[in-house]
Amino acid sequence: MAKVKQVGLLAAGCQPWNKDVCAASGDRFAYCATLAIYIYQLDLQYNEFKLRSIMSEHKKTITAISWCPDNPDLFASASADNLLIVWNLAEQKTVARLDNTKGVPASVSWCWNFADGVAFVSQRGPLYIWVYGGTDPGVTVHKEAHSFLSDICLFRWHPTKKGKLVFGHTDGSLSVFQPGSKGQKHVLRPESLEGTDEEDPVSALEWDPLSTDYLLVSNLHNGIRLVDSEALACITSFCFPSAAASVQCLAWVPSAPGMFITGDSQVGVLRVWNVSRSTPLDSFKLKKTGFHAMHVLNSPLAKKAQSSCSPSKSHHTSSTSEAIPPPTLSQNRSFSLPPGHAVCCFMDGGVGLYDMGAKKWDFLRDLGHVETIFDCKFKPDDHNLLATASFDGTIKIWDTDTLTAVYTSPGNEGVVYSLSWAPGDLNCIAGATSRNGAFIWDVKKGKIITRFNEHGKNGIFCISWSHKDSKRIATCSGDGFCIIRTIDGKILHKYKHPAAVFGCDWSQNNNTVRIWDYTQDVCINVLSGHAAPVRGLMWNTEIPYLLISGSWDYTIRVWDTRDGTCLDAVYDHGADVYGLTCHQSRPFTMASCSRDSTVRLWSLTPLISPLLLNILTNQPWEKIIGNTDTAMVPGSPPMLCGKVSRDIKQELDKLSSDIRVKKLRWFSECFSPPGGSSNLWDLVSVINGQDDSLLPASYSKGVMHMKHLLKFKTSEAQELTIVKMSKFGGGIGAPSKEERLIEAADIHLRLGQTQRYCELMVELGQWEKALSVAPGVSMKYWKKLMQRRADQLMAEDNDDAIPYCIATGDIKKLVTFFTGRGQLLEALIIAQGACEGNIRAPQSSPVNHMTNDVDNRLQYQSLLYKVCKELAEWYFQDGCSVLAACCHLAVDNIKLAMSSLIRGNELELAACVGIVLGEAANQSTAYCLELLARKYMTTTTWELSADLLRMIPDNHILLSKLCAFYPGSVAEINHFHESCGLPSLEECKALAEAAMCEGDLFSAVKFHLLSSDPENALRIGLDHVKEQLTRPDWTVDIVQPILDLMSYIRTDCLIKAKLTGARSELLILCGYIGGLLAIRRQYLSIVPALYEYTSQLMKRREVCVPLKIEQLSMELDTWRACTQSNSNPSSECQREEFSYLERRIQPTQPDGLVLCGADYVTGSNLPSHSDVQLSCFTGHRIQGPVFLLEDDKSAISLNDALMWAEVNPFSPLGTGLRINPF
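So, in structure tokens, the structure goes:
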């Protein structure tokens, strides 16, 4: 099992280099960065798109991707290294590879006449057809599609006319081929290009899905045309509102015949068109940056309940003959888009899925790097901000708590090789580029404020801003110089090296200088393991011997430099690893960046986790904090030696109260990665009664306690209302004042502050919204607002004032209005209507605020709990168990909060939080400490395990289990027994016999396990359990405690040959009871595996247990039928059997620990390039952390391993060894 834990992923953006870089099929969509393809899939439970996999086999730029139209699991991609790959998405593996495409494929498409054939073309052709399966695999050339006079941009097969295809060329022309007809090459150039040598590349090309001959063509400069490929004529040229507008992408909307959409390439404007008219029906500005590619999903998503019937797709009609006429005012006052989803890719790397019918984003990743990321650095004064420098010419800043980009530099800098934050709160970044020298970017102002060009046109490979003297910046370059200058450009020092210089840095030591003598010419240590050059190196700031390296072999390795041991190797990046950086206040959180365009966040805590438990168990400081000389002794346990731990200790030394609470919180946050731990501790403080004034500013941005929600949200709304835009704007897509006011109004509305919402809507000019909600304040307020609107419209001499006056019964004002305009007849009619009683003011009725007030409050509170629980589960399923716990704490549900942390395997954090929460969390804390004790039942940490169990009030049985499992000589075992307050081996033997005489079977088994003859415990215990299972009224809680006790028999004893029969019986019974416990806890993924494991053990050896394989099979079928929605309906007999099963697994203590639902550790949702292990439970590829079993070959997911260990302590391989995934 990997010791370095992946805890965050900043996905790459979509590349802007090639045309066919996004695709969609069913409930999935895909886009490609430079070297990897990102696959997103709809999560039906939460109606949101999640990143499911990253395909990364290409070593050079991906040039095109295409989804198989007949099989949604098949997908093709091509790249600049002349490679074509067919992927199986369900299995996340390559199906076939073509290693020489004889040129770089510019466009790829699945063949119409082969189930497993892919067509591709490069430059001037020919069109190749690769059949990768079947009886006659190989590559053939299309008979006619070759010898073109202009390079090919892209090509498209006709979706219904088999064999027909069209090519778009860089000279603006098209080439059309179809079986049985002569091919037409280089036809239908834009009229303005006829007779010239000018080029105007075809930027988009799509067949009309309802016609055999019509297709839409977009040229980069000459706009969009609908052309007839048969008559070789242009039917319609479409006009843009501005001559400056140009289009790089377009797509038909399948749900609306004749309708298509385009994306402007300069600004992110989505335009909606109908082929029946030459101007757009409507346009929407979706982003500030231009479109690069788009694709409309062919079918509505499963989450949408579409009722519109799709048009008949006759091959004899076209979109023009079935065109929907443009809406007129009589039909519809405001045009609405047809239902459909468009995958939108933007020039800044942004990717989104836009719901056209609802006019909203279903998914939006605002931006991302589209190329190699060379460097990454945490901000000195705000450690949750991470800056990255990329080949794409930009520096981007990310919030590591939310994993979103918050700022981006202006760009166009060539390659940015290196970056360095200004010291303190200066909020500037220095960047080093390949061709434009170095620069300083002012983040808040959003612009470059200084440039340095002393290295000329030579690339600058490293830049470093001094953190002791904020006026000094060092750079080193390919010209061999290392230059130190002031920020105003004055050169202070210039050092010449004999070759290019790739690195420079300032000393961080404040008061000592160490000089190392290399004159002995002795290499202290060689760290061997990487298979390619190493680019990134980083020392851990707290553990002096920990060195982390990133290599061009795609791996990150962690080393113990004391003896050269590689502690862990991480394979998750899909390309060269370049940069490594450490979080300054969380020294065991690390970020890495790579040529695969991703940034990944890692936790190194599992490498040194006993340290946190030394803090938890209140060990002396000597076991926690030390000096470098002590820590560097080979084989010594890890010690904290850095600034962060020293600062925490100094702060603790100043305290006179709450020392334990602060100690647990501060060290827990130091060891935890970002993503909710600070939020969790803030909520713990609130529950424990801390004064609100002591809460940090960041508290209101996270999950708040419900008693604060109203106060903080109202404050946020007021802030949004009064905030003024800075002169230079905010960060990426900084909201306008209007957007801020809308956001503020929405907050007020959700808080029930209806009048404030109405006033903001009035300020925004959205009177209709204000007036529709105003009666919720009072009829008096609604009337007053109607009168204000009427006054405003009358001042504009607008007839729209009339209905407002009539509705409020303001006859006098309306008569005056008409009279003033000379419309006396109108005034007369109004007056007459009022006289006859047709127009009258609405009556306001007093509201009885006391009605059912108590009932309402209870109902709303119940609703609040339900919503918090649903939100918690959403966070949990997204791999954020800490934030899930925050949601439960927000409504004081401590049991479920602790359950979330335990199910997320955040055991150390849960134990710290539980101790601080006190009595309300005692049960959960005890369970956490028990699991942690199991984790450290290993050679060097037995005492730590005992210390953890001693913290549990009623710990006698738990310490007995620990001592029963402890291996060693007689003297060592007796010494360990004594330290745990238990009798010696001989005394235990006598106590066992005495207990047996008294009929205390549980104590007899316990003392036999603690004696020198533990096998006696098996004989007595197994007989008892088997006898219980023959009774009709047995339950899981009757037999499980004694089975669990027996499972702690020493492994060396259990695997003896003479205990083969007893061992088999113990494993079978533990497997069966484990299966029932898994049903109780809803561990759905391991229930079949536990039943199968039990059946296989019964087949392997004949044993005497009151179970039959047929019974196990029937129980499993019953469970499936009654609980799985995708199984066959259950029979009456099965329902009866399942009811019997449920009674058997019912817990005897209903108010016990709440642990229900699958475990899901942090990182489970993060796709990895190293997902190569298949689960021996399911045969499917494992996503997320993997747990290797004792044979070092069989693997299961860490989630399954944790659940298995919680219900059955023995390994799934049936060896008799215990499983320890904690």
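What the sequence shown shows, in my numbering, is residues 2 to 1223, in sequence order.
Glycine included, every Cβ here is placed at the ideal spot set by N, Cα and C.
Treat the numbers as computed from the prediction; the structure is a model and nothing was measured.
Taking only the alpha-carbon atoms, compute the straight-line gap between residue i and residue j and give it to the nearest angstrom.
i: Phe131; j: Asp229; result: Note that residue 131 corresponds to Trp in the displayed sequence, not to Phe. Looking at the two C-alpha atoms, the distance is approximately 30 Å.
i: Ser1212; j: Asp1192; result: 11 Å
i: Lys728; j: Thr542; result: For Lys728, the pLDDT reaches just 35, beneath the cut-off of 50, and the residue's location in the model is therefore unreliable, although a value from the coordinates is still provided. Cα to Cα, Lys728 sits roughly 40 Å from Thr542.
i: Phe818; j: Gly810; result: 14 Å
i: Ala146; j: Phe76; result: 24 Å
i: Asp382; j: Thr590; result: 16 Å
i: Glu764; j: Lys770; result: 12 Å
i: Leu918; j: Phe375; result: 44 Å
i: Ser679; j: Leu10; result: 20 Å
i: Arg473; j: Ser465; result: 9 Å
i: Glu670; j: Val914; result: 11 Å
i: Pro424; j: Ala388; result: 14 Å
i: Leu128; j: Ser108; result: 10 Å
i: Ala592; j: Cys583; result: 6 Å
i: Lys867; j: Ala898; result: 14 Å
i: Val297; j: Val600; result: 29 Å
i: Trp553; j: Ser80; result: 20 Å
i: Ala1018; j: Leu1055; result: 11 Å
i: Asn1221; j: Ser925; result: 20 Å
i: Glu907; j: Phe168; result: 56 Å
Can you tell me the Cβ-Cβ gap for residue i and residue j, rounded? I've got them flagged as a contact below 8 Å.
i: Pro611; j: Thr939; result: That belief does not hold up - the Cβ atoms of Pro611 and Thr939 are roughly 10 Å apart, past 8 Å.
i: Gly580; j: Gly537; result: 5 Å
i: Ala13; j: His370; result: 6 Å
i: Trp603; j: Val119; result: Not a contact, Cβ separation roughly 37 Å.
i: His293; j: Pro17; result: 5 Å
According to DSSP, simplified to helix, strand and coil, what is residue i?
i: Asn1209; result: coil
i: Cys240; result: coil
i: Thr631; result: helix
i: Tyr1094; result: helix
i: Tyr1049; result: coil
i: Thr817; result: helix
i: Arg29; result: strand
i: Gly753; result: coil
i: Leu11; result: strand
i: Ser946; result: helix
i: Met938; result: coil
Kindly indicate the opening and closing residues of the beta strand (DSSP E) around residue i.
i: Gly810; result: Careful: Gly810 lies outside any beta strand (DSSP E) and carries neither H nor E.
i: Gly207; result: Correcting the residue identity first, residue 207 is Glu in this sequence and not Gly. Run containing Glu207: Val203 to Trp208, per the beta strand (DSSP E) assignment.
i: Cys594; result: Thr590 to Ser595
i: Trp274; result: Gly269 to Asn275
i: Gln42; result: Ile38 to Asp44
i: Leu251; result: Val248 to Trp253
i: Val297; result: Phe292 to Val297
Got a sec, what are the start and stop residues for the alpha helix (DSSP H) residue i sits in?
i: Leu386; result: Note, Leu386: premise wrong, no alpha helix (DSSP H); beta strand (DSSP E) at Leu386 to Ser391.
i: Ser961; result: His957 to Phe966
i: Phe977; result: Val971 to Ser980
i: Ile485; result: Note, Ile485: premise wrong, no alpha helix (DSSP H); beta strand (DSSP E) at Phe482 to Thr487.
i: His1181; result: Element bounds for His1181: n/a, residue is neither H nor E.
i: His498; result: Neither: His498 is in no alpha helix (DSSP H) and is coded neither H nor E.
i: Glu987; result: Leu986 to Cys998
Complete runs of the beta strand (DSSP E) confined to the stretch 62–132 [at least 3 residues]: 63–68, 75–80, 84–89, 94–99, 108–111, 118–122 and 128–132
Along the chain, which unbroken stretches of the beta strand (DSSP E) at least 3 residues long are found entirely within the stretch 162–228? Listed in chain order, the complete beta strand (DSSP E) runs (minimum 3 residues) inside the stretch 162–228 are 166–170, 175–178, 185–188, 203–208 and 215–220.
Restricting to runs no shorter than 4 residues, where is the alpha helix (DSSP H) found entirely within the stretch 540–605? none
At which residue ranges does the stretch 388–462 contain complete alpha helix (DSSP H) runs of 4 or more residues, listed in the order of the chain? none
Counting only runs that start and end within the stretch 1002–1027, where is the alpha helix (DSSP H) found for 4 or more residues in a row? Within the stretch 1002–1027, the complete alpha helix (DSSP H) runs of at least 4 residues are 1002–1010.
Fully enclosed by the stretch 1128–1167, which alpha helix (DSSP H) runs are 4 residues long or longer? 1133–1146
Could I get the ranges of all uninterrupted alpha helix (DSSP H) runs contained in the stretch 619–683, with 4 residues as the minimum, in chain order? 629–632, 644–655 and 660–672
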